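Reviewing the structure listed below.
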Amino acid sequence: MTIVVNVKGASGATSPASGGSRGVLFVHSCPRAVSAHLEWALARVFGTEVRIDWAEQPIAPTHVRAELIWGGPAGTGAKLASALHAFRQVRYEVTEDPSQGREGERFSATPGLGLFRATIGVHGDVMVPEDRLKTAVVQSLTTGESLSDEIARLIGQPWDEELEPYRCAHEGSTVRVLHQVI
């Protein structure tokens, strides 16, 4: 089941056309014992009670999964990722769609890899700034690691690879799941 949460900012704007934003939160894998704490963290971000209808996570028997469609002020995606960062054992993705004057964002987190953040263009592709590409070139020359491995990290490939089995559990959901775009 998909939960829809809307929150109003100081300006009252919640639609992308009026300066607000929207996105999706996929909680791919959360220990059942932590799920209530995660709801409380989300409630602090949204400023309203959040009750999630959790589903079993088939590939992690003691874990649950959920998805929320949200609307709120621009920057809400980053606030959600920040609030969930404390839950290191949770696998999740937060997207914020591009809105007026802003690129979109994607945050992915796994217990082993930590948090990944990317700017997302209007067509859904990861945007990598020039300075990060230059750093990747220098890093590959310094460490001897291949440039393709450095670029794979810049676009979040290790996170995509780890999350893909968990994403498949969402296939029957009403929200389209982010799939690897490579």
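Residue numbers (the working numbering): 1 to 182.
Glycine residues also receive a C-beta, built at the ideal position from the N, C-alpha and C atoms.
It should be emphasised that the depicted structure is a prediction, and the values quoted were computed from it without experimental measurement.
Helix, strand or coil at residue i according to DSSP, with G and I counted as helix
i           : result
residue 113 : coil
residue 67  : strand
residue 146 : coil
residue 74  : coil
residue 120 : strand
residue 46  : helix
residue 152 : helix
residue 105 : strand
residue 55  : strand
First through last residue of the alpha helix (DSSP H) which encompasses residue i
i           : result
residue 159 : 157-168
residue 137 : 130-143
residue 95  : No alpha helix (DSSP H) holds residue 95; the beta strand (DSSP E) holding it covers 91-96.
Residues near residue i in its chain [Cβ-Cβ closer than 6 Å; skip 5 each side]
i           : result
residue 49  : 43
residue 122 : 98
residue 165 : 59
residue 41  : 83
Contacting residues, own chain, Cβ-Cβ under 7 Å from residue i (five flanking each side not counted)
i           : result
residue 195 : Residue 195 lies beyond the stretch modelled for the chain, which goes from 1 to 182, so this question has no answer here.
residue 56  : 64
residue 60  : 29
residue 5   : 46, 50, 68, 70
residue 31  : 62, 63, 89
Delimiting residues of the beta strand (DSSP E) encompassing residue i
i          : result
residue 22 : 20-31
Interface flag, residue i vs chain B, CB-CB below 8 Å
i           : result
residue 156 : Protein chains in the displayed structure number just one, and chain B is not present.
Test item: CB-CB of residue i and residue j under 8 Å
i           : j           : result
residue 154 : residue 132 : yes
residue 85  : residue 38  : no
residue 23  : residue 126 : no
residue 130 : residue 21  : no
> Is the stretch 75-89 in contact with the stretch 97-111, if contact means three or more CB pairs nearer than 8 Å?
Replying inline: Yes, the stretch 75-89 is in contact with the stretch 97-111.
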